[in-house]
Ligand code: SF4
């Protein structure tokens, strides 16, 4: 499985089968808080970065295994709308299964009508918008030079009005950078005009690309939530029962998960349906072989 990972526990989507349709790390942004590290291929060029046929074959195989999957989620090593075949892939998945399809996108390409049309068959689209101010956009998201915040906002707005499924907007706040009361007021005015089902406030919770990208406290987030209105929620920590492990090659599965994003022991344990103590043995073995490393962030250990 080169392009499919999980199901991994997701704070919002339950057990999410990740579909990775761009090579690591291909993105139109280079966010200072990115859990994947710095962007190595900053681009807005859409192409079949990863062959859609092989992605679909892998999805078919995982679906046949009958695992618990709450969402099939386009996410992973960068920005999924950069894959020009995303429309075809969504459409084929919808024919294969009734499991809903979610797209995690940075929303920067939604100013293009073609990109908006490509996502129309999805069930849930989660674009992000961390700021509405050009200078802050440059600081926090370090965009491709051709991207302008006004166009990004207009693209997300138009998509939210035209799309028949659900749109949840994610806002990631970084301490001292995009969290001033004035900026949050401006964001609230802009998002108030969009057709959103939810606004999800997030902060830096996994080891970020830049060490200076710090998290807000729960109390800070609660204050921002009040300004952003009743659709706004703070994304809570994931709490779900474990699912049964159905594969024996645990080390390979752990590597496949943690190479895409850092995970805690508890995340790996829940995803594989194995007891933490058992997972610890595999993690220790992988560390000894120098195949994984740990990072401490907010007093929590992440494996990557
Ligand atoms: S957080 Fe998302 S949008 Fe930002 S650089 Fe990372 S992959 Fe790209």
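In the numbering used here, the protein residues as written are 8 to 311.
Heads up, the beta-carbon is just placed ideally off N, CA and C, and yes, glycines get one too.
Everything numeric in this text was worked out from a predicted model, so none of it was measured.
Which same chain residues end up closer than 6 Å to residue i when comparing Cβ atoms and leaving out the 5 residues on each side of it in sequence?
i           : result
residue 193 : 139
residue 248 : With a pLDDT of 43 at residue 248, under the threshold of 50, the modelled position of that residue is not reliable, and the figure given next carries that caveat. Counting only Cβ-Cβ distances below 6 Å, and skipping sequence neighbours, we find nothing.
residue 88  : 112, 116, 122
residue 94  : 125
residue 35  : 51, 86, 115, 151
residue 91  : 53, 54, 55
Near residue i, what residues of its chain come up, given a Cβ to Cβ distance below 7 Å and the 5 sequence neighbours on each side ignored?
i           : result
residue 147 : 38, 39, 137, 138, 181, 184, 185
residue 239 : 206, 208, 232
residue 167 : 174, 201, 202, 203
residue 63  : 96, 99
residue 153 : 51
residue 222 : 182, 210, 211, 212, 305
residue 197 : 139, 160
residue 298 : 262
residue 220 : 39, 40, 181, 211
residue 172 : 129, 130, 131, 132
residue 155 : none
residue 144 : 138, 150, 156
Report yes if the C-beta of residue i is less than 8 Å from at least one heavy atom of the ligand SF4; otherwise report no.
i          : result
residue 52 : no
residue 80 : no
Please work out which residues of its chain come closer than 8 Å, Cβ to Cβ, to residue i, disregarding the five sequence neighbours upstream and downstream, and give them in chain order.
i           : result
residue 295 : none
residue 84  : 27, 29, 30, 31, 32, 33, 43, 267
residue 161 : 118
residue 134 : 112, 113, 114, 117, 163, 166, 174, 176, 177
residue 188 : 234
residue 292 : 258
residue 229 : 241
residue 275 : 261, 264, 265, 286, 290, 310
residue 57  : 10, 27, 28, 29, 30, 90
Beta carbon of residue i: closer than 8 Å to some heavy atom of the ligand COA?
i           : result
residue 162 : With respect to the ligand COA, the structure offers nothing, as its ligand set consists of the ligand SF4.
Meets three-Cβ-pair contact criterion under 8 Å: the stretch 11 to 26 and the stretch 72 to 92: yes
Entirely enclosed beta strand (DSSP E) segments - the stretch 66 to 149, minimum 3 residues: 78 to 81, 108 to 112, 131 to 134
Contact shell at 6 Å, judged by CB to any heavy atom of the ligand SF4, ordered along the chain: 34, 36, 37, 38, 41, 43, 46, 85, 86, 113
Any 3 or more C-beta pairs closer than 8 Å across the stretch 302 to 310 and the stretch 260 to 276: yes
Contact the stretch 62 to 69 vs the stretch 31 to 51: 3+ CB pairs below 8 Å: no
Sequence ranges, alpha helix (DSSP H) only - wholly within the stretch 193 to 241, length at least 4: 225 to 235
Segment contact, 8 Å Cβ cut-off, at least three pairs: the stretch 210 to 222 with the stretch 292 to 307: yes
Stretch pair the stretch 140 to 159 + the stretch 96 to 108: three plus CB contacts closer than 8 Å: no
Beta strand (DSSP E) segments (min. 3 residues) lying fully within the stretch 267 to 302: none
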